[in-house]
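*Asks:*
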Amino acid sequence: MEFPPYRVPLPAFEDATGGTGVVATGLLLRRLEGVKRVLMVGAHPDDESTTLLTVLARSLGAQTAYLSLTRGDGGQNLIGPELWEGLGVIRTGELEAARRIDGGEQFFTRAFDFGFSKSAEETLSVWPQEQVLADMLAVIRDFRPQVVISVWSGTPSDGHGHHQAAGQLALEAFRERGSGVDPRTGLVWPVWSASKFYLSERRRFFSTDADVDEGVREVVTFPAGDIDPLLGRSPAQISGASRSRHRSQNMGTAQPLGPRSAGTVFVEGTVEAGDGLFAGIDTTLAGVIAGLAEEDREEAFGHLDEYLSAVADARHFFGVDLDATASHLLAAISSMRRLETLGYRCRLSAESLREGCPPSTNRNFLATVRDKLSLTTRAYMAAAGIVVDVRASSPLLVPGSSVQVTVTLWNGSEKALDGVTAPLNLPPNWGTVLSVEGGIVEGRVPPGGLAFFTWTVRLPDSAEPSRVYYLREPRGTGSYSWEDSTSRNPPGKPRNRAPVDGFVTFTPEGSGVPVHVSRPWRYVGVDRARGEFAKPVLVVPGITVAVSPDALVWPQTRDGVAQLSVVVATENEDGASGEVEMIPPQGWNVSPRIREFDLAAAGSRRSQSFELRPTSEPAVGRHTLEVVARSDGREYRETLDLIDYEHIERTPLYARSDVSLSVIPVEVDPGLRVGYVMGSGDSGPEAIRQLGVEVEVLDGEQILTGDFARFDAIVLGVRAYETREEVRSANAQLLDYARSGGTVINQYNQYRFSGGGFAPYRLFIDRPAARVSDESAPVTLIEPDAPIFTTPNRITQADFDGWVQERGLYFASEWGDEFTPVIELNDPGEPARRGALLVAAVGEGVYVYAALSFFRQWSERVPGAYRLFANLISLDGYEWEEFRGRLRRKSHER
78 MEFPPYRVPL PAFEDATGGT GVVATGLLLR RLEGVKRVLM VGAHPDDEST TLLTVLARSL
138 GAQTAYLSLT RGDGGQNLIG PELWEGLGVI RTGELEAARR IDGGEQFFTR AFDFGFSKSA
198 EETLSVWPQE QVLADMLAVI RDFRPQVVIS VWSGTPSDGH GHHQAAGQLA LEAFRERGSG
258 VDPRTGLVWP VWSASKFYLS ERRRFFSTDA DVDEGVREVV TFPAGDIDPL LGRSPAQISG
318 ASRSRHRSQN MGTAQPLGPR SAGTVFVEGT VEAGDGLFAG IDTTLAGVIA GLAEEDREEA
378 FGHLDEYLSA VADARHFFGV DLDATASHLL AAISSMRRLE TLGYRCRLSA ESLREGCPPS
438 TNRNFLATVR DKLSLTTRAY MAAAGIVVDV RASSPLLVPG SSVQVTVTLW NGSEKALDGV
498 TAPLNLPPNW GTVLSVEGGI VEGRVPPGGL AFFTWTVRLP DSAEPSRVYY LREPRGTGSY
558 SWEDSTSRNP PGKPRNRAPV DGFVTFTPEG SGVPVHVSRP WRYVGVDRAR GEFAKPVLVV
618 PGITVAVSPD ALVWPQTRDG VAQLSVVVAT ENEDGASGEV EMIPPQGWNV SPRIREFDLA
678 AAGSRRSQSF ELRPTSEPAV GRHTLEVVAR SDGREYRETL DLIDYEHIER TPLYARSDVS
738 LSVIPVEVDP GLRVGYVMGS GDSGPEAIRQ LGVEVEVLDG EQILTGDFAR FDAIVLGVRA
798 YETREEVRSA NAQLLDYARS GGTVINQYNQ YRFSGGGFAP YRLFIDRPAA RVSDESAPVT
858 LIEPDAPIFT TPNRITQADF DGWVQERGLY FASEWGDEFT PVIELNDPGE PARRGALLVA
918 AVGEGVYVYA ALSFFRQWSE RVPGAYRLFA NLISLDGYEW EEFRGRLRRK SHER
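Written as structure tokens, this is what we have:
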């Protein structure tokens, strides 16, 4: 039986080993002769030690990967408004970008980052522990590491409950010796058994002595400050660039000069610790062959000797004669192909099991051969100067459309390439026809030649829009849900594979060695300011519908109407026409109910205005306003948000185009005017605007002028002091505004705020900062008759029902007597905390430090959060000082 040759996958977006030339060739040569594989495990994006990953991958030539149990969905976002799934998409892209720099692969489990947790027990009560562990075992089985390094110790010293859980699960996964079912084939594979388990060395400095001493026997340290002759920088510098990809988390990092180190602490293993990370582990290719059936071993060793000899010759000529290096690498490819054929003889089947071919040995043998075949082929192409590219003529496609896809083969080598073919690999029911071919004569591309094959690809009307696999199904509280894996939908990987690949085959002249590679399609464009850029090609719905605002809070006693804007967009080449309808819930009226649209061409957008009003006093609660576009007999009910930052891959995020309508019993003082200063990004302005308050978002120039007198209150968005230089510069003007009778509401900030002395009086935030992560933790109103709880809304315990993710974060731990704490709360088993909401008179005005997580409650339209914030922006310095006077009199009477 003949098996098709393995087609080496080339990445759509290059890393340092992409492209051609000395650097790419040299980095790949470091990986050809041995088998060294290391898996690092952590809880979140940015947990990983990029320095250690860089040393292992770039300097030592090990194959490395980072397994992040979550995608960081529950964190904060420094670069935009996205939270939850949107933030998870961003942080997934940031991990991919980081790995392209430090040289590792990236994996995930289905665990969802539901926000800060204070214990492993809480975390594992939310995550589906068995499923997450099964995902980890699947990654271990597929990646086959000899060494597992846990970032976290699994003890309370790790802090975050996700960290503790990740440390515990990492060790459990390492110790697992059972069997599992490969979801792609349904076959039972023995779970891969790694040999050593290490702890990231940095945990030594955060753990108690008991945490460190128990079971720890050896520290392995790697120099990270030596300049790499290929890259011209040290691993520590490359690591800094990698870590700086985590832009959404404010992780910009220096690229330091001079000595640095990275290390690990040995915990346990099936072999002794020894004097190195791989001590006691057979990292030779011969060790992989040793487990084959006896009748195959002799032939396999012969092919392996040929391979190693060819690689040694390639290394000998490297830096002297790159063409000679390429020739020897071509010979190495030939030897690997013969090993691949040998591996197919022992492919897992009922027959091969009877013939005594151990499944685990066979699987590891074939996987290792394909790894080396991939690396050797990429090294050969880099040395020879051969480039394959696959480009689509448009970045956004719709079902039923056509697109030109060009496969280009640039032969920068000294030999002609014969037998050149370049078909496309397409999903079922997609059609293609070769429309143009050039630069090739009778299947030959001469040295220096550029061949191209342009295909017209037709998408069927049934083509599925591009969706990241883990967002296809609704998620649970603690995890994503996904279907079984396929080659294009591989759970554990950051995202789906592209649906279209160019399959390129060629044989260098006189070699008799065919080279088989594939590359995913992509779109390449030119921006006149930034130059060339690349984006993934996405299939999107023919029509998308976006409503602004997509969520509406309606004070129950509010009069008047709400203005809604519906934007209908299309990427259809011929445009689209039809109607858009708003279907209101009972007790509401929309005017007009239906509007027509006519979009001329791809990229067209049309905004339509609607008015929403209640027909009577609306019922308190949540209602749904449906929005649907109709065209050519089809209905469209989805909003498309293209998450597109220049440091990550563009990714589509879909949501229903409905409007969530929340009716809340909330009052606001009439005529209020609020100035809002954005920080790292939140939905505060729209939330306050929906209360019926006039809101103006202040730009940098307005902040610096300090002309705040026209506002009743100034609200500072989350982390404004961390992210806005203008806010720090204008702090004196903000305090002067308060002294003149204004109200300043400062939402949570971090240490730059407390350390900078920006508050009007003493205010200090501990490291680590106090927070209450239990969103249902009881809240005590210390001063229930304070204006903050009475005017214009009477706040009670019920207003803290239904909060999401957490109560608050970065609480003040110490403050001057001028501040009055007004609430008290705590996580279970912890002391009561009073630094979440502090109010102080400043001259004739008032200053509030509000560390409650209003920004999370706004996005979920939590009624009590709106009612409390309405009171904050209504605070009056005179009323507050009068209340403080009553407190002082009560104190004297006691």
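Add 77 to the 1-based position in the sequence shown for our numbering, that's all there is to it. Glycine included, each C-beta is placed from N, C-alpha and C at the ideal position.
Cβ of aspartate 124 within 6 angstroms of any heavy atom in the ligand MN?
*Replies:* Judged by which ligands are present, the structure shown has none, so any question about the ligand MN falls away.
*Asks:* Give me the Cα-Cα distance between aspartate 288 and glutamate 91, rounded to the nearest whole angstrom.
*Replies:* Locating residue 288 in the sequence shown gives position 211, where the first residue counts as 1. Locating residue 91 in the sequence shown gives position 14, where the first residue counts as 1. Any reading at aspartate 288 must be qualified, since the residue scores a pLDDT of 47, below 50, and its modelled position is unreliable; the value itself is stated next. Rounded to whole angstroms, aspartate 288 to glutamate 91 spans 41 angstroms at the Cα level.
*Asks:* Checking the sheet assignment: what are the DSSP bridge partners for glycine 698?
*Replies:* Stepping through the sequence shown from its first residue, residue 698 is reached at position 621. DSSP, once it has assigned bridges, lists Val740 as partnering glycine 698.
*Asks:* Can the beta-carbon of histidine 239 be found less than 7 angstroms from the beta-carbon of threonine 200?
*Replies:* For the purposes of this step, residue 239 is taken as residue 162 along the sequence shown, with counting starting at 1. For the purposes of this step, residue 200 is taken as residue 123 along the sequence shown, with counting starting at 1. Yes. Within cutoff.
*Asks:* Scan the segment 162-214 and note each continuous alpha helix (DSSP H) run of 4 residues or more that stays entirely inside, going in chain order.
*Replies:* For the segment 162-214, whole alpha helix (DSSP H) runs of length 4 or above, ordered along the chain, are 162-179, 197-203.
*Asks:* Please return the same chain residues whose Cβ sits closer than 8 angstroms to the Cβ of serine 379, not counting the five positions on each side in sequence.
*Replies:* The residue you call residue 379 lines up with position 302 of the sequence shown. Looking at the sequence itself, residue 379 is glycine, so the reference to serine does not match. Excluding residues within five positions, none has a Cβ falling inside 8 angstroms.
*Asks:* Which residue's Cα is closest to the Cα of leucine 812: Val467, Gly920, Asp179?
*Replies:* Here residue 812 corresponds to residue number 735 of the sequence shown, with the count starting at 1. Closest option to leucine 812, Cα to Cα, is Gly920.
*Asks:* Distance, Cα to Cα, phenylalanine 442 vs arginine 221?
*Replies:* Residue numbering aside, residue 442 sits at position 365 when the sequence shown is read from its first letter. Residue numbering aside, residue 221 sits at position 144 when the sequence shown is read from its first letter. So the two alpha carbons sit approximately 11 angstroms from each other.
*Asks:* Buried or exposed for isoleucine 304, please, with buried defined as at least 16 other CB atoms from any protein chain shown within 10 angstroms of its CB.
*Replies:* The residue you call residue 304 lines up with position 227 of the sequence shown. Counting Cβ neighbours within 10 Å, isoleucine 304 comes out exposed, since fewer than 16 surround it.
*Asks:* Locate the beta strand (DSSP E) running through threonine 820, then write down its first and last residues.
*Replies:* Locating residue 820 in the sequence shown gives position 743, counting from the first residue. Note, threonine 820: beta strand (DSSP E), 820-824.
*Asks:* Is it right to say leucine 334 is buried, meaning 16 or more other beta carbons lie within 10 angstroms of its own, or is it exposed?
*Replies:* The residue labelled residue 334 in the question sits at position 257 within the sequence shown. Leucine 334 should be labelled exposed.
*Asks:* Quick check: the Cα distance between glycine 151 and phenylalanine 191, rounded to an integer number of angstroms?
*Replies:* Looking up residue 151 in the sequence shown gives position 74. Looking up residue 191 in the sequence shown gives position 114. Their Cα atoms are separated by approximately 5 angstroms.
*Asks:* What are the start and end residues of each continuous beta strand (DSSP E) run of 3 or more residues lying completely inside the segment 863-896, in chain order?
*Replies:* Entirely contained in the segment 863-896, the beta strand (DSSP E) runs reaching 3 residues are, in chain order, 885-888.
*Asks:* Anyone know if the C-beta pair for threonine 298 and glycine 317 falls short of 7 angstroms?
*Replies:* In the sequence shown, counting from the first residue as 1, residue 298 sits at position 221. In the sequence shown, counting from the first residue as 1, residue 317 sits at position 240. Not a contact, by the Cβ cut-off of 7 angstroms.
*Asks:* Where glutamine 767 and valine 899 are concerned, what is the direct C-alpha to C-alpha distance, given to the nearest angstrom?
*Replies:* Start at 1 with the first residue of the sequence shown, and residue 767 comes out as number 690. Start at 1 with the first residue of the sequence shown, and residue 899 comes out as number 822. The alpha-carbon atoms of glutamine 767 and valine 899 are separated by roughly 26 angstroms.
*Asks:* For the alpha helix (DSSP H) that tyrosine 798 lies in, which residues bound it at each end?
*Replies:* Sequence index remark: in the sequence shown, residue 798 carries index 721 (1-based). Element bounds for tyrosine 798: 797-800.
*Asks:* Based on the DSSP output, what are the partners of lysine 449 in its beta bridges?
*Replies:* The count along the sequence shown starts at 1 and reaches residue 449 at position 372. None, per the DSSP bridge assignment.
*Asks:* What are the boundary residues of the alpha helix (DSSP H) that includes alanine 247?
*Replies:* Taking the first residue of the sequence shown as position 1, residue 247 is located at position 170. Run containing alanine 247: 238-252, per the alpha helix (DSSP H) assignment.
*Asks:* Can asparagine 666 and threonine 701 be called in contact, C-beta distance under 7 angstroms?
*Replies:* For this step, residue 666 is matched to residue 589 along the sequence shown. For this step, residue 701 is matched to residue 624 along the sequence shown. Not in contact: asparagine 666 and threonine 701 (Cβ atoms no closer than 7 angstroms).
*Asks:* Span of the beta strand (DSSP E) holding threonine 582?
*Replies:* One-based indexing of the sequence shown puts residue 582 at position 505. Residues 578-585.
*Asks:* Classify leucine 629 as buried or exposed, calling it buried when 16 or more other Cβ atoms lie within 10 Å of its own Cβ.
*Replies:* Counted from its first residue, the sequence shown places residue 629 at position 552. Result: buried.
*Asks:* Roughly how far, in whole angstroms, is the beta-carbon of alanine 706 from the beta-carbon of valine 622, given that I think they are within contact range, below 8 angstroms?
*Replies:* Position 629 of the sequence shown holds residue 706. Position 545 of the sequence shown holds residue 622. That belief holds up - the Cβ atoms of alanine 706 and valine 622 are roughly 5 angstroms apart, short of 8 angstroms.
*Asks:* What's the C-alpha gap between alanine 358 and arginine 168?
*Replies:* For this step, residue 358 is matched to residue 281 along the sequence shown. For this step, residue 168 is matched to residue 91 along the sequence shown. Checking the sequence, you will find isoleucine at residue 358 rather than alanine. So the two alpha carbons sit approximately 34 angstroms from each other.
*Asks:* Quick one: any contact between the segment 471-484 and the segment 447-455, if contact means 3 or more CB pairs under 8 angstroms?
*Replies:* No, the segment 471-484 does not touch the segment 447-455.
*Asks:* Please report the straight-line C-alpha distance between glutamine 223 and alanine 134, rounded to a whole angstrom.
*Replies:* Here residue 223 refers to the residue found at position 146 when the sequence shown is read from its first residue. Here residue 134 refers to the residue found at position 57 when the sequence shown is read from its first residue. So the two alpha carbons sit approximately 14 angstroms from each other.
*Asks:* Below 7 angstroms between beta carbons: does that hold for valine 115 and alanine 89?
*Replies:* For the purposes of this step, residue 115 is taken as the residue at position 38 of the sequence shown. For the purposes of this step, residue 89 is taken as the residue at position 12 of the sequence shown. Cβ atoms of valine 115 and alanine 89: not closer than 7 angstroms.
*Asks:* Looking only at its own chain, which residues have a Cβ that is under 8 angstroms from the Cβ of glutamate 162, when we skip the five neighbours before and after it?
*Replies:* Indexing the sequence shown from 1 puts residue 162 at position 85. Excluding residues within five positions, the ones whose Cβ falls inside 8 angstroms are Asp150, Leu548, Arg552, Leu730.
*Asks:* Does the distance from the C-beta atom of leucine 144 to that of valine 216 stay below 7 angstroms?
*Replies:* As a first step, residue 144 is located in the sequence shown; it is residue number 67 there, counting from the start. As a first step, residue 216 is located in the sequence shown; it is residue number 139 there, counting from the start. In contact: leucine 144 and valine 216 (Cβ atoms closer than 7 angstroms).
*Asks:* Might you give, ordered along the chain, the residues of its own chain that have their beta carbon closer than 6 angstroms to the beta carbon of arginine 672, omitting 5 neighbours on each side?
*Replies:* The sequence position of residue 672 within the sequence shown is 595, counting from 1. Same-chain partners within the cutoff: Val657, Gln685.
*Asks:* Do you know whose CA, among Glu802, Ile765, Thr800, lies nearest isoleucine 791's CA?
*Replies:* The residue given as residue 791 occupies position 714 in the sequence shown. Here the closest residue by C-alpha is Ile765.
*Asks:* What did DSSP end up calling leucine 641 once you bin it into helix, strand or coil?
*Replies:* In the sequence shown, counting from the first residue as 1, residue 641 sits at position 564. Strand, per DSSP.
*Asks:* Under 6 angstroms Cβ to Cβ from arginine 176, same chain only, skipping five residues before and after it: list those, please.
*Replies:* To locate residue 176, count along the sequence shown from 1; it is residue 99. Correct list, in chain order: Gln183.
*Asks:* What are the start and end residues of the alpha helix (DSSP H) that includes glutamine 223?
*Replies:* Counting from 1 along the sequence shown, the entry for residue 223 is found at position 146. That residue, glutamine 223, is in no alpha helix (DSSP H); it is neither H nor E in DSSP.
*Asks:* By how many angstroms is the C-alpha of threonine 820 removed from the C-alpha of phenylalanine 62?
*Replies:* Residue numbering for the chain in the displayed model covers 78 to 971; residue 62 lies beyond these limits and cannot be assessed.
*Asks:* Using a Cβ-Cβ cut-off of 7 angstroms (strictly less than) and excluding sequence neighbours within five positions of alanine 460, which residues of its own chain qualify?
*Replies:* Here residue 460 refers to the residue found at position 383 of the sequence shown. Closer than 7 angstroms at the Cβ level, and outside the excluded window around alanine 460, lie Thr102, Leu399, Thr402, Ala403, Leu406.
*Asks:* I think alanine 387 touches alanine 367, with their Cβ atoms under 8 angstroms apart; what is that distance to the nearest whole Å?
*Replies:* Position 310 of the sequence shown, counting from 1, holds the residue named residue 387. Position 290 of the sequence shown, counting from 1, holds the residue named residue 367. That pair is no contact at about 21 angstroms.
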